[in-house]
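Protein chains in written order, with this note's numbering: chain D, 10 to 268; chain B, 10 to 268. Think of the CB as a built atom: it goes at the ideal place given N, C-alpha and C, for glycine as much as any other residue. Computed from a predicted model, the values in this text were never measured in an experiment. Take a look at the structure below.
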């Protein structure tokens, strides 16, 4: 039987520990190709490069793996993989992105470059998964996530995913207690409350660092924040149809400027 | 009665014709404050600036209007407006973004900086609207959109919007026939098929321009692409919960690695 073809990307850049962890796991599951940013792209959301040029260079950082580094965003990487690197060739059976250094639960999915790579996969009709570890430490430890990354990817390779769905998978940080299991969740209702740290450069000109606090309004036990807090792996199926379908009849009834 | 406070942003930058058109319309409806990017930010999706500093400077381009230009993305602009410029002050009654030079129908909503500003407004609990004109011409004409921008904003100011909803409003290009009216639509099922225009710089190093064709798979008459093709204004209510809720029971039934 032909081994599955697995496209790997991320948003922390091709040299990050997370993508190296992910590539090592994927090598056990199939043939791997990497197209990833040449520098960190955190917070890039679903950005693409439209007003500027793109570079794509072969990279030899992964032993025995065909890999490319790209000057663009995670979404650009998946587009280049599909429409340039693999043009007229066999297409990937799954797109995996990560493992992100930091959480992409709740509203952070919107800002997540990791998930934009996965969602690009879903747009192309390929099952896709973004993996993130809810740990911002500099000496981040991915070891407790590895068996779950493997299990979830195998499950998706075997069973596929509903059309247009990409999975947003988040792992709890390594704790004394082992992970309890995997939960299918919804995106929790939470937000960032930003604070702007105002500073002055050596020329006396003002600048800012964006900081902020995460505020969770969601009391449910079926959401990603609950899962992470309770030491479960959270799996949120995400879609790229942003339509608030329930609001269409509301606006049709309510508005008096329609005809 | 107090005039409404209207926050204006965009993704084409503070000098673009589209935001000047929008500010002039909003001046008739309320008190206006502008926080917009200092340079074009098209295709930025929901990017935010997390690994770099931000600049924010007062700008005097709009006569009699308090305005700021920001070095960051459209989402950064709305965050800075909320949490710095208007911190501890009266909050906007509506966030409007645009008018974008180019279409943000269908899947383009994901890549749209215009809509990311509006969605940031919705995340903050403020009714929000992104306006885009489906015309990529350099001598773009917004005149036929003005009465509709005004009508839709007035409607939102009067009636509000469902919680967490931002409107994605697209206008057909100026045609010989007048716009037929306004339709509440869903996001159509379409995608971009990218092509990468491969070139070589003066040093012989390869680079790319992303180009592509828009392919519409959607035969429905209730979607934004149909509306624009048929000379209607398209209004898609959008939400920031990306959960594919219908897929949760599917995965719960289908997967054998849950516990």
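### Message
Suppose the cutoff is 8 Å on Cβ atoms and the five residues either side in sequence are ignored; what does the same chain contact list for residue 143 of chain D look like?
### Response
111, 112, 114, 179, 180, 181, 182 and 237
### Whole-angstrom distance between residue 138 of chain D and residue 44 of chain D, CA atom to CA atom
15 Å
### Query
Which residues bound the beta strand (DSSP E) around residue 59 of chain D?
Premise fails: residue 59 of chain D is in no beta strand (DSSP E) and is neither H nor E.
### Query
In the structure shown, what three-state DSSP assignment does residue 67 of chain D receive?
strand
### Task
Give the residues of chain B in contact with residue 143 of chain D, contact being defined as C-beta atoms less than 7 Å apart.
Those do not exist, as residue 143 of chain D stays about 16 Å from chain B at its closest Cβ, beyond 7 Å.
### Query
Opposite residue 52 of chain D in the DSSP bridges: which residues?
Answer by DSSP bridge pairing: none, since residue 52 of chain D is not bridged.
### Query
Excluding five sequence neighbours on each side, which residues of the same chain lie with their C-beta closer than 8 Å to the C-beta of residue 93 of chain B?
65
### Query
Ends of the alpha helix (DSSP H) at residue 34 of chain B?
26-36
### Query
How is residue 264 of chain D classed by DSSP in three states: helix, strand or coil?
coil
### Message
Contact between the segment 80-93 of chain B and the segment 159-173 of chain B is defined here as three or more beta-carbon pairs at a separation below 8 Å; is this criterion met?
### Response
no
### Message
Could you tell me the alpha carbon to alpha carbon distance between residue 221 of chain D and residue 196 of chain B, rounded to whole angstroms?
### Response
32 Å
#### Entry: Beta-carbon neighbours of residue 63 of chain B, restricted to chain D and to distances below 9 Å
205, 216, 217, 218 and 219
### Query
Along the chain, where does the alpha helix (DSSP H) that runs through residue 85 of chain D open and close?
83-89
### Query
Considering only residues of the segment 109-146 of chain D, which uninterrupted alpha helix (DSSP H) runs meet the minimum length of 4 residues and lie entirely inside it, listed in chain order?
117-120 and 122-132
### Message
Quick check on the burial criterion: 16 or more other C-beta atoms within 10 angstroms. Buried or exposed for residue 224 of chain B?
### Response
exposed
### Query
If residue 107 of chain B sits next to residue 58 of chain D, beta carbons under 8 Å apart, how far is it from one beta carbon to the other, in whole angstroms?
21 Å between Cβ atoms; not a contact.
### Query
What does DSSP give as the partner residues of residue 43 of chain D in its beta bridges?
D/17 and D/76
### Task
Could you round the C-beta distance between residue 103 of chain D and residue 135 of chain D to whole angstroms and report it? I think they count as a contact, below 8 Å.
7 Å
### Query
If residue 216 of chain B and residue 188 of chain B are in contact, beta carbons under 8 Å, what's the gap, nearest whole angstrom?
About 41 Å separates the two Cβ atoms, so there is no contact after all.
### Task
For the segment 189-251 of chain D, list the alpha helix (DSSP H) runs that are entirely contained and at least 4 residues long, ordered along the chain.
233-238
### Task
Please state whether DSSP places residue 152 of chain B in a helix, a strand or coil.
helix
### CA nearest to the CA of residue 73 of chain D, picked from D/48, D/80, D/29 and D/96
D/29
### Message
Going by DSSP in three states, residue 166 of chain B sits in which element: helix, strand or coil?
### Response
helix
### Query
Under 8 Å between the Cβ atoms of residue 260 of chain B and residue 193 of chain D?
yes
### Query
Using a C-beta cutoff of 8 Å, does residue 248 of chain B count as contacting chain D?
yes
### Message
Here's the rule: buried if 16 or more other CB atoms are within 10 angstroms of the residue's CB, otherwise exposed. What is residue 148 of chain B?
### Response
exposed
### Task
Classify residue 243 of chain D as buried or exposed, calling it buried when 16 or more other Cβ atoms lie within 10 Å of its own Cβ.
buried
### Query
Could one say the Cβ of residue 261 of chain D lies closer than 8 Å to chain B's Cβ atoms, at least one of them?
yes
### Task
Determine whether the Cβ of residue 101 of chain D lies closer than 8 Å to any Cβ atom of chain B.
no
### Message
Just list the residues that DSSP pairs residue 187 of chain B with in beta bridges.
### Response
Looking at the DSSP assignment, residue 187 of chain B forms no beta bridge with any residue, so it has no partner.
### Query
Can you name the start and end residues of the beta strand (DSSP E) that residue 253 of chain D belongs to?
Per DSSP, residue 253 of chain D belongs to no beta strand (DSSP E) and is neither H nor E.
### Task
Leaving out five residues on either side along the sequence, give the residues of the same chain with a beta carbon under 6 Å from the beta carbon of residue 22 of chain B.
46, 48 and 49
### Task
State yes or no: is the beta carbon of residue 245 of chain D nearer than 8 Å to at least one beta carbon in chain B?
yes
### Element boundaries [beta strand (DSSP E), containing residue 176 of chain B]
174-180
### Message
Does the contact criterion of 3 or more C-beta pairs under 8 Å hold for the segment 114-124 of chain B versus the segment 13-21 of chain B?
### Response
yes
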